[in-house]
Amino acid sequence: MKTVVYTSDKKTHFFQELKFIYRDIKSSNFLAYQMTKRDIQSQHRQSLLGFFWILAPVIVNSLIWLFLNGSGVVSVNSPGGIPYPVFVILGTTIWNIFAEALQSPINSVNAGRAIISKINFPKEALLMKGLYTTFFNLTIKMIPAVAILIIYQIAPSWSLLLFPFYIIALTVFAFTIGLIITPLGLIYTDISKVLTTGIPFLMYLTPVVYAVPKMGIFKFLFKLNPLTYIINDTRNTLVGMEAQSLLFTVILTAISLIVLLIGLVIFRKSMPIVIEKIAG
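Note that this note's numbering gives residue 140 to position 133 of the sequence shown, counting from 1, and the numbers run on in steps of one.
Set out below in structure tokens:
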């Protein structure tokens, strides 16, 4: 058996690390695909409802808010004349895509804790597995969104061409944040608990199930939240409305990509330390 010794005196510069990361991602792509396929099959093979559980968070959350609004418990108005069921189902779908992409890196690597300290393989394969799973689930999650648009006979416009860009921008933004906190999250389980608790709270500071308030402190907090602009525009591309913050999203995506590269290097450099901690 080959013995690999990790030492701290190996000096490489940033771009050389990126070159190694690209090489390892390319060489482990098939491994990542196979792990994704295995996990998807194992999760749903013995499930009576199968892929429905991917849709469940979207459907349940949407039904709760539709019931609250319909019963008069809360009074929620959607902007631009969008029917509220369309507004809330699209918003919940987009939010679930963000939430899953955010938790994807730490969940994928956590799922591989049993093998990362025993088998020598590119750990980037675990990140790719999480990304592949996120995009697979994304296609399933879009079913309610497409259905509600058909039911309300909302015809697509040219803005629909921007939808793939906004989805990629949202996924990159979320995945980057998740990647940055993954090394700490593997050592301290509190990070995962903070994510689980904080994501639902953040949803209420984002125009997911109701529009941006017109006044008050919450309007200010919504304006500070970058997700406000991405989620509003992503939903707008689906209902035929004009994207309001395209330049902001382009800039945010560019920054996210730069931070993503930095995060990949940090992940690679920190993994020997993380493996030592979790194995001990």
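No residue lacks a Cβ here, since even glycine has one placed at the ideal position from N, Cα and C. Predicted, not measured: the structure shown is a model, and the values here were computed from it.
Whether residue 99 touches residue 69 by CB criterion (8 Å): Taking the sequence shown and counting its residues from 1, one reaches residue 99 at position 92. Taking the sequence shown and counting its residues from 1, one reaches residue 69 at position 62. Yes. Within cutoff.
Measuring CB atoms only, is the segment 187 to 196 touching the segment 107 to 117, in the sense that at least three cross pairs come out at less than 8 Å? Flag = yes, the segment 187 to 196 and the segment 107 to 117 touch.
Could you tell me how far apart the beta carbons of residue 173 and residue 256 are, in whole angstroms, since I believe they sit closer than 8 Å? Walking along the sequence shown from the start, residue 173 turns up at place 166. Walking along the sequence shown from the start, residue 256 turns up at place 249. Yes, residue 173 and residue 256 are in contact; Cβ-Cβ is about 7 Å, under 8 Å.
Could you tell me how far apart the beta carbons of residue 179 and residue 267 are, in whole angstroms, since I believe they sit closer than 8 Å? Position 172 of the sequence shown, counted from the start, is the residue given in the question as residue 179. Position 260 of the sequence shown, counted from the start, is the residue given in the question as residue 267. 7 Å between Cβ atoms; contact.
Could you check whether residue 74 and residue 85 sit closer than 8 Å to each other, using their CB atoms as the reference points? Looking up residue 85 in the sequence shown gives position 78. Looking up residue 74 in the sequence shown gives position 67. Pairing residue 85 with residue 74 gives a Cβ-Cβ distance that is not under 8 Å.
Backbone secondary structure at residue 35 - three-state DSSP: The residue you call residue 35 lines up with position 28 of the sequence shown. Three-state result, residue 35: coil.
Could you check where the alpha helix (DSSP H) with residue 102 kicks off and where it finishes? Within the sequence shown, numbered from 1, the residue matching residue 102 stands at position 95. Where residue 102 is concerned, the enclosing alpha helix (DSSP H) stretches over 91 to 118.
Can you give me the C-alpha to C-alpha distance between residue 20 and residue 285, rounded to a whole angstrom? In the sequence shown, residue 20 corresponds to position 13, counting from 1. In the sequence shown, residue 285 corresponds to position 278, counting from 1. Going by the C-alpha atoms only, they are around 27 Å apart.
Please classify residue 45 as buried or exposed, where buried requires at least 16 neighbouring CB atoms within 10 angstroms. The residue given as residue 45 occupies position 38 in the sequence shown. Label assigned to residue 45: exposed.
Check whether the segment 105 to 113 touches the segment 129 to 145, counting contact only when three or more Cβ pairs, one atom from each stretch, lie closer than 8 Å. Contact holds: three or more Cβ-Cβ distances are below 8 Å.
By Cβ distance, which residues of its chain are closer than 8 Å to residue 240, with the 5 residues on each side in sequence left out? As a working mapping, residue 240 is identified with position 233 in the sequence shown. 169, 173, 250, 251, 252, 253 and 256.
Check each candidate in 161, 171, 106 and 210 and name the one with the smallest Cα separation from residue 199. To locate residue 199, count along the sequence shown from 1; it is residue 192. For the set 161, 171, 106 and 210, the Cα lying nearest the Cα of residue 199 is the one of 106.
Cβ of residue 213 within 8 Å of Cβ of residue 232? Taking the first residue of the sequence shown as 1, we reach residue 213 at position 206. Taking the first residue of the sequence shown as 1, we reach residue 232 at position 225. Yes.
Between the CA atoms of residue 223 and residue 185 - distance to the nearest angstrom: For the purposes of this step, residue 185 is taken as the residue at position 178 of the sequence shown. For the purposes of this step, residue 223 is taken as the residue at position 216 of the sequence shown. Distance between the alpha carbons of residue 185 and residue 223 is about 31 Å.
My assumption, with CB atoms under 8 Å, is that residue 259 sits in contact with residue 176. Please give the rounded CB distance. For the purposes of this step, residue 259 is identified with residue 252 of the sequence shown, where counting begins at 1. For the purposes of this step, residue 176 is identified with residue 169 of the sequence shown, where counting begins at 1. Yes, they are in contact, since the Cβ atoms of residue 259 and residue 176 sit about 7 Å apart, within 8 Å.
Starting from the C-beta of residue 62, find all residues in its chain whose C-beta is less than 8 Å away, skip the five residues before and the five after it, and write them out in chain order. For this step, residue 62 is matched to residue 55 along the sequence shown. Excluding positions up to five away in sequence, the list reads 147, 148, 150 and 151.
Starting from the C-beta of residue 13, find all residues in its chain whose C-beta is less than 6 Å away, skip the five residues before and the five after it, and write them out in chain order. Counting from one through the sequence shown, the residue named residue 13 turns up at place 6. With a pLDDT of 46 at residue 13, under the threshold of 50, the modelled position of that residue is not reliable, and the figure given next carries that caveat. Excluding positions up to five away in sequence, the list reads 279.
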